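Top to bottom, those sequences are chains A and B.
Numbered according to the numbering used here, the first sequence spans residues 188 to 510.
Numbered according to the numbering used here, the second sequence spans residues 260 to 824.
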Amino acid sequence: MAGLLLSRLLQAALVMIAVTAVAFAMFRFVGDPVRAMAREDSTPQERAELAQALGLDQPVPVQYARFVGRVARGDFGISYRNQRPVTTLIAERLPATLELVFAATLLALGLGIPLGVMCAIRPDGAAARLVQSISLIGISTPTFVTGIALILFFAVTLRWLPSFGRGDIVDLGFWTTGYLTGSGLRSLVLPSITLALYQLTLIMRLVRSEMIDALSSDYIRFARARGLPKSRIHYVLALRNALMPVITVTGLQIGSLVAFAIVTETVFQWPGMGLLFIQAVSFVDIPVMAAYLMFVGALFVVLNTAVDLVYAIVDPRLRKAKG
Amino acid sequence: MSAALSIENLRVEYPDGAGGVFVAVDGVSLDVAKGEIHALVGESGAGKTTVGNAAMGLIDKPGRIAGGTIRIGGIAVDPATGEAPGVVRGRDIGAVFQDPMTSLNPLFTIEAQIGETLRHHLGLDARAARERALELLRSVGIPEPERRLSAYPHQLSGGQRQRVVIACALSCAPKLVIADEPTTALDVSIQAQILKLLRDLADRTGIGLLLVTHNMGVVAEIADRVTIMHRGKAVESGTVRDVLAAPQHPYSRALLGAVPRLDRKLARFEVPGEGGGDTAQAARTKIAAQARDEGQVKVSEKLLEVRDLVVEYRARGWLPGMKGTAFRAVDGVSFDVAPGEIFGLVGESGCGKTTVAGAIAGLLKPDAGEILYRGAPVAAKGGASRRAIQMIFQDPYSSLNARLRIGTMLAEPILFYRLAATQAEATEDAAMLLNAVGLPPEAAQRFPHAFSGGQRQRISIARALAARPRLIVCDEPTSSLDVSVQAQILNLLKDLRDANGLTLLFISHDLAVVRQMCDRVAVMRGGKIVELRAADALFETPEHAYTRELLNLVPRPERHGRNGG
Chain A
188 MAGLLLSRLL QAALVMIAVT AVAFAMFRFV GDPVRAMARE DSTPQERAEL AQALGLDQPV
248 PVQYARFVGR VARGDFGISY RNQRPVTTLI AERLPATLEL VFAATLLALG LGIPLGVMCA
308 IRPDGAAARL VQSISLIGIS TPTFVTGIAL ILFFAVTLRW LPSFGRGDIV DLGFWTTGYL
368 TGSGLRSLVL PSITLALYQL TLIMRLVRSE MIDALSSDYI RFARARGLPK SRIHYVLALR
428 NALMPVITVT GLQIGSLVAF AIVTETVFQW PGMGLLFIQA VSFVDIPVMA AYLMFVGALF
488 VVLNTAVDLV YAIVDPRLRK AKG
Chain B
260 MSAALSIENL RVEYPDGAGG VFVAVDGVSL DVAKGEIHAL VGESGAGKTT VGNAAMGLID
320 KPGRIAGGTI RIGGIAVDPA TGEAPGVVRG RDIGAVFQDP MTSLNPLFTI EAQIGETLRH
380 HLGLDARAAR ERALELLRSV GIPEPERRLS AYPHQLSGGQ RQRVVIACAL SCAPKLVIAD
440 EPTTALDVSI QAQILKLLRD LADRTGIGLL LVTHNMGVVA EIADRVTIMH RGKAVESGTV
500 RDVLAAPQHP YSRALLGAVP RLDRKLARFE VPGEGGGDTA QAARTKIAAQ ARDEGQVKVS
560 EKLLEVRDLV VEYRARGWLP GMKGTAFRAV DGVSFDVAPG EIFGLVGESG CGKTTVAGAI
620 AGLLKPDAGE ILYRGAPVAA KGGASRRAIQ MIFQDPYSSL NARLRIGTML AEPILFYRLA
680 ATQAEATEDA AMLLNAVGLP PEAAQRFPHA FSGGQRQRIS IARALAARPR LIVCDEPTSS
740 LDVSVQAQIL NLLKDLRDAN GLTLLFISHD LAVVRQMCDR VAVMRGGKIV ELRAADALFE
800 TPEHAYTREL LNLVPRPERH GRNGG
């Protein structure tokens with residue numbers, strides 16, 4: 188286990204070095220930071236001084252080393268657009284995205300797994316067929332269409348739920364949460380459904396096909412021959428085997444949810460990382476874009492490592508035999 | 260005293276999809292008395308497993324029990340639900356399945372799997388269940404039962420797993436155990452232990468045992484009574500001694516005739532209505548002529564020489580480029596194969612015989628030693644040996660590409676090695692090859708799924724022949740086939756050898772098959788050859804203790820009537 192952990196950490200470090208290199212390259216090749224920051228009527232003399240102050244007169248490897256050093260200390264530079272530290276900007280926006288993703292993941296797993304099991308146990312039942320057909324819609328409709336349709340129905344027509352923003356939030360000092368107020372929770376409903384829909388159908392279909400495999404296996408037949416109750420066979424013995432690939436997919440999907448919540452956040456004007464990123468792109472705000480890139484890279488590395496470790500915990504065959 | 264299991268006139272039907280029904284079991288009757296082992300024998304598709312499933316209430320929809328009665332300990336089973344009032348599956352009926360590798364759940368400990376049955380049926384608490392599980396593991400002869408309780412299935416060997424499965428089956432002291440091919444997936448030495456365990460259980464505890472098997476040797480070794488099934492019907496039933504000594508029904512006689520014997524060598528297996536006819540003979544003569552065109556090998560010459568072969572499998576290190584610990588699968592093996600010879604390589608699973616085959620066929624790289632084909636190293640790229648050495652694999656289901664037509668499959672090596680000038684000639688050759696293995700040339704148009712296991716293995720042989728090889732490496736070519744099909748395939752391989760002067764390296768764990776096929780035999784154990792001699796000498800006067808042990812453990816139909824039975 189220690190060996191596995193160590194090798195995974197080494198691989199993670201290599202990936203992160205590659206990601207920082209790409210982020211660094213963005214500064215060098217996408218636009219000229221001096222021109223972006225200096226006043227329009229600045230003299231060449233002033234620009235040279237600015238470049239020197241920013242360290243841009245140094246050789247490229249030195250600049251890269253300094254960049255990595257700053258990143259390692261959590262310093263991602265100053266946003267070109269609003270002249271505030273990028274770290275502060277991300278810290279402000281992160282809670283909103285993470286709370287949204289957490290709610291969506293909970294929804295996707297909480298509904299996807301039981302529905303998948305149901306479809307596997309009674310593949311010809313009316314409920315299973317209905318769920319299967321609806322899931323086709325879920326998997327083939329683009330997120331922005333679902334989002335807009337939900338807004339139109341629940342916010343505009345029925346006026347039950349708010350159509351944008353996070354509602355009232357509570358500031359805990361290090362974290363802002365919408366989970367503690369009624370309007371915060373109500374605001375969460377539509378965006379989290381929108382974000383969860385695709386994952387939900389994916390997980391449901393995956394659980395279904397894995398369950399069908401598991402149910403036809405010899406050990407399930409053996410469990411039936413031992414006269415164990417159906418609920419135990421389905422939900423304990425078969426489901427645990429069926430969940431192995433679900434772990435991988437869920438892990439990677441959480442990464443994509445955080446990274447690509449952009450569409451949902453734009454549709455619902457959700458003040459999260461995605462919205463921050465979209466604004467950064469339209470203003471060519473390189474420090475924010477680079478920080479976002481590194482954040483998403485780090486997120487995927489962490490999730491992948493976590494998935495590998497969880498795998499080893501769930502499946503005893505992947506643990507090193509101890510003698 | 261009522262029988263542990265009594266089946267009368269059982270009929271099981273499956274809808275065939277076209278509105279009709281397929282009758283899987285048709286009017287079968289049998290009784291299993293307490294303390295008796297009743298064997299149910301037949302080839303695949305005979306319906307023997309369906310009878311076992313019906314008794315356990317495991318007939319899956321859309322199948323149904325359409326007629327007859329099943330009584331368990333005198334209580335009739337309701338055909339609609341498969342349940343008998345007061346008889347609980349798992350408590351009163353135990354089950355043992357074929358493959359111990361797959362019948363235990365890989366994600367749960369042994370204790371959890373035995374314990375859940377005990378807790379559910381007997382209402383034991385965790386501590387009592389643990390005590391009882393320990394007791395059970397001891398009674399089925401598992402070493403260090405305390406340590407095994409917390410083990411996962413993958414940490415146990417095949418034999419130990421099957422003992423755990425048996426312990427599960429016995430956990431609630433059932434009156435009846437249904438064992439479906441309990442030893443088929445095991446080595447002979449493990450098989451002998453498991454069979455002894457089952458016999459002891461029947462004698463000691465008075466459990467009635469319905470033993471579903473295709474192996475006549477197993478029947479002779481431990482069963483009291485036997486019922487032979489053929490196409491859903493019971494064709495013969497009686498005591499093992501009577502049925503095996505003097506089978507009455509023609510099918511029983513054919514089935515027994517097809518079982519390879521260990522005690523003496525026969526020229527051919529008796530297979531009724533076989534031979535393939537004149538077309539097959541003509542095709543084989545033509546193939547033999549092609550082989551002669553390529554120049555004869557002198558009989559004095561060695562076709563294949565294996566010198567001090569070592570093959571190791573390495574675990575991957577935890578950093579790329581690092582070497583993990585090595586497992587030496589083949590450890591200094593040397594032998595020669597003469598042209599026209601059938602050379603046998605036998606041993607239990609894990610002895611390294613398949614690894615030797617892989618190295619000879621160029622699928623694995625030896626770590627030391629050399630393999631020479633007519634004096635030249637085989638691994639050399641573009642060497643003559645690439646074409647001259649072909650291979651037949653064990654599983655005819657996974658060794659044929661399901662997306663290729665048979666004709667394409669056969670023409671591929673012919674065109675690749677430029678053995679035919681044009682596509683048309685290659686197609687003609689493919690048809691001839693199909694004839695030679697006893698299949699109609701129309702088979703070329705079809706896909707593998709249209710063929711049975713035996714037919715597929717014939718196609719595998721045709722594919723190996725397509726490259727016009729000198730040496731065919733046969734890795735367990737018949738171990739997944741029924742005995743009557745096995746007999747046909749073995750006869751075919753012999754005929755091809757006789758007609759074409761083909762040389763065979765024949766790898767098997769089945770000593771009786773090796774005895775029938777091979778001229779010389781090497782016995783392998785732990786990656787080394789322990790004995791290498793002419794087949795007759797080896798089987799009649801085995802010199803090495805391990806060879807003697809192996810031969811002793813093989814269950815033999817001719818040794819029927821168990822000791823004292």
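Even glycine gets a Cβ: it sits at the ideal position worked out from N, Cα and C.
Note that the structure is predicted; figures quoted are calculated from it, not measured.
Contact set for A:Pro474: own chain, Cβ-Cβ below 7 angstroms, skip 5 residues either direction: Numbered from 1 along the first sequence, position 287 holds the residue referred to as residue 474 of chain A. Correct list, in chain order: Phe263, Gly264, Ile265, Ser266, Tyr267, Val273.
What does DSSP give as the partner residue(s) for A:Gln232 in the beta ladder? As a first step, residue 232 of chain A is located in the first sequence; it is residue number 45 there, counting from the start. BP columns for A:Gln232 are empty, so no partner.
Can you tell me the Cα-Cα spacing of A:Met391 and A:Glu397, whole angstroms? Your numbering for residue 391 of chain A matches position 204 in the first sequence. Your numbering for residue 397 of chain A matches position 210 in the first sequence. One C-alpha to the other measures close to 10 angstroms.
Given that a residue counts as buried once 16 or more other Cβ atoms are within 10 Å of its Cβ, and exposed if not, what is B:Leu622? Within the second sequence, numbered from 1, the residue matching residue 622 of chain B stands at position 363. Exposed.
For a quick check, are the C-beta atoms of B:Met783 and B:Ile601 less than 7 angstroms apart? On the second sequence, residue 783 of chain B is found 524 positions in, with the first residue counted as 1. On the second sequence, residue 601 of chain B is found 342 positions in, with the first residue counted as 1. No. Outside cutoff.
Does the pairing of the region 435–453 of chain A with the region 393–402 of chain B give three or more beta-carbon distances under 8 angstroms? Proximity of the region 435–453 of chain A to the region 393–402 of chain B falls short of the contact definition, fewer than three beta-carbon pairs being nearer than 8 angstroms.
Going by alpha carbons, who is nearest to B:Lys524 out of B:Asp275, B:Leu810, B:Val772? For the purposes of this step, residue 524 of chain B is taken as the residue at position 265 of the second sequence. For the residues B:Asp275, B:Leu810, B:Val772, the minimum Cα distance to B:Lys524 belongs to B:Val772.
Is there a C-beta anywhere in chain B that falls below 7 angstroms from the one on A:Leu496? Looking up residue 496 of chain A in the first sequence gives position 309. Cβ-Cβ to chain B under 7 angstroms: no for A:Leu496.
Leaving out five residues before and five after A:Ala210 in sequence, what residues of the same chain have Cβ atoms less than 6 angstroms from its Cβ? Stepping through the first sequence from its first residue, residue 210 of chain A is reached at position 23. So the qualifying residues of the chain are Ala477, Leu480, Met481.
Using CA coordinates, which residue listed in B:Leu763, B:Arg717, B:Gly697, B:Asn750 is at the minimum distance from B:Asp654? The sequence position of residue 654 of chain B within the second sequence is 395, counting from 1. Of the listed residues, the one whose Cα sits closest to B:Asp654 is B:Arg717.
Quick one: what does DSSP say A:Val471 is sitting in, helix, strand or coil? Taking the first sequence and counting its residues from 1, one reaches residue 471 of chain A at position 284. Reduced to three states, the DSSP call for A:Val471 is coil.
So with Cβ pairs under 7 angstroms, would you call B:Ala354 a contact of chain A? Here the question's residue 354 of chain B lines up with position 95 in the second sequence. True, the Cβ-Cβ gap to chain A drops below 7 angstroms.
For A:Phe511 and chain B, any beta-carbon pair shorter than 7 angstroms? This structure cannot settle anything about residue 511 of chain A, because the visible part of chain A is limited to 188 through 510.
Evaluate A:Phe361 with the Cβ neighbour count: other Cβ atoms within 10 Å of its Cβ, from every protein chain shown; 16 or more gives buried, anything less gives exposed. The residue labelled residue 361 of chain A in the question sits at position 174 within the first sequence. By the 10 Å Cβ count, A:Phe361 comes out exposed.
Where the beta strand (DSSP E) containing B:Gly497 begins and where it ends: Position 238 of the second sequence, counted from the first residue, corresponds to residue 497 of chain B. Counting along the chain, the beta strand (DSSP E) containing B:Gly497 begins and ends at 492–498.
Hey, is B:Met315's beta-carbon within less than 7 angstroms of any beta-carbon in chain A? Along the second sequence, read from residue 1 onward, the residue named residue 315 of chain B stands at position 56. At least one chain A Cβ lies under 7 angstroms of B:Met315.
Members of the region 385–410 of chain A that neighbour chain B once the beta carbon cut-off is set at 9 angstroms: Answer set for the region 385–410 of chain A: Ser404, Asp405, Tyr406, Ile407, Arg408, Phe409, Ala410.
Which residue marks the beginning of the alpha helix (DSSP H) containing B:Pro699, and which one marks its end? The residue given as residue 699 of chain B occupies position 440 in the second sequence. Segment: none, B:Pro699 is in no alpha helix (DSSP H) and carries neither H nor E.
Give the residues of chain A in contact with B:Arg350, contact being defined as C-beta atoms less than 7 angstroms apart. In the second sequence, the residue the question calls residue 350 of chain B occupies position 91. The contacting residues are Gly414.
Mark B:Leu469 as exposed unless 16 or more other C-beta atoms lie within 10 angstroms of its C-beta, in which case mark it buried. Along the second sequence, read from residue 1 onward, the residue named residue 469 of chain B stands at position 210. By the 10 Å Cβ count, B:Leu469 comes out buried.
Does A:Thr207 come out as helix, strand or coil in the three-state DSSP assignment? The count along the first sequence starts at 1 and reaches residue 207 of chain A at position 20. Three-state result, A:Thr207: helix.
Does the Cβ of B:Leu264 have 16 or more other Cβ atoms within 10 Å, making it buried, or fewer, making it exposed? Counting from one through the second sequence, the residue named residue 264 of chain B turns up at place 5. B:Leu264 should be labelled buried.
With DSSP as the reference, please indicate the residues paired to B:Lys787 in a beta bridge. Walking along the second sequence from the start, residue 787 of chain B turns up at place 528. B:Lys787 is bridged by DSSP to B:Arg784.
Check whether the Cβ of B:Leu377 lies closer than 7 angstroms to any Cβ atom in chain A. To locate residue 377 of chain B, count along the second sequence from 1; it is residue 118. Output row for B:Leu377: interface = no.
Around the Cβ of A:Lys417, are there at least 16 other Cβ atoms within 10 angstroms (buried) or fewer (exposed)? Taking the first residue of the first sequence as position 1, residue 417 of chain A is located at position 230. When all chains shown are included, A:Lys417 counts as exposed.
Measuring alpha carbon to alpha carbon, tell me which of B:Gln414, B:Asp795, B:Val347 ends up nearest B:Met360. Numbered from 1 along the second sequence, position 101 holds the residue referred to as residue 360 of chain B. Nearest option by C-alpha distance: B:Gln414.
For a cutoff of 7 angstroms on Cβ pairs, would you count A:Arg316 as touching chain B? The residue you call residue 316 of chain A lines up with position 129 of the first sequence. Among the CB atoms of chain B, none fall inside 7 angstroms of the CB of A:Arg316.
Closest by C-alpha distance to B:Pro365, when choosing among A:Arg257, A:Gly303, A:Val468, A:Phe409: Counting from one through the second sequence, the residue named residue 365 of chain B turns up at place 106. Comparing Cα-Cα distances from B:Pro365 to each of A:Arg257, A:Gly303, A:Val468, A:Phe409, the minimum goes to A:Phe409.
Is A:Tyr366 buried or exposed, if buried means 16 or more other CB atoms sit within 10 Å of its CB? Position 179 of the first sequence, counting from 1, holds the residue named residue 366 of chain A. A:Tyr366 comes out exposed.
So which of B:Gly306, B:Gly760, B:Gly304, B:Glu671 has the shortest CA-CA distance to B:Ala547? Numbered from 1 along the second sequence, position 288 holds the residue referred to as residue 547 of chain B. Taking only the C-alpha atoms, the option nearest B:Ala547 is B:Gly760.
Chain-ordered neighbours of B:Ser362 on chain A, where CB pairs are closer than 8 angstroms: In the second sequence, residue 362 of chain B corresponds to position 103, counting from 1. The contacting residues are Asp405, Tyr406, Arg408, Phe409.
Let me know if B:Ala585 comes out buried or exposed under the rule of 16 or more other beta-carbons within 10 Å of its beta-carbon. What you label residue 585 of chain B is simply residue 326 of the second sequence in a count that begins at 1. Answer is exposed; the Cβ neighbour count stays below 16.
Quick one: grab the DSSP three-state call for A:Leu384. Residue 384 of chain A sits at position 197 when you count from the first residue of the first sequence. It is helical.
Contact defined as beta carbons within less than 8 angstroms: I believe B:Val271 pairs with B:Gly304. What is the distance between those atoms, to the nearest angstrom? Taking the first residue of the second sequence as position 1, residue 271 of chain B is located at position 12. Taking the first residue of the second sequence as position 1, residue 304 of chain B is located at position 45. That belief does not hold up - the Cβ atoms of B:Val271 and B:Gly304 are roughly 13 angstroms apart, past 8 angstroms.
List the residues of chain B that A:Arg504 touches, going by C-beta distances under 8 angstroms, in chain order. Here residue 504 of chain A is taken as the residue at index 317 of the first sequence, counted from 1. Pro365, Tyr411, His413, listed in chain order.
Where A:Phe351 sits in the DSSP three-state scheme: In the first sequence, the residue the question calls residue 351 of chain A occupies position 164. In the structure shown, A:Phe351 sits in coil (DSSP, three-state: anything other than H, G, I, E or B).
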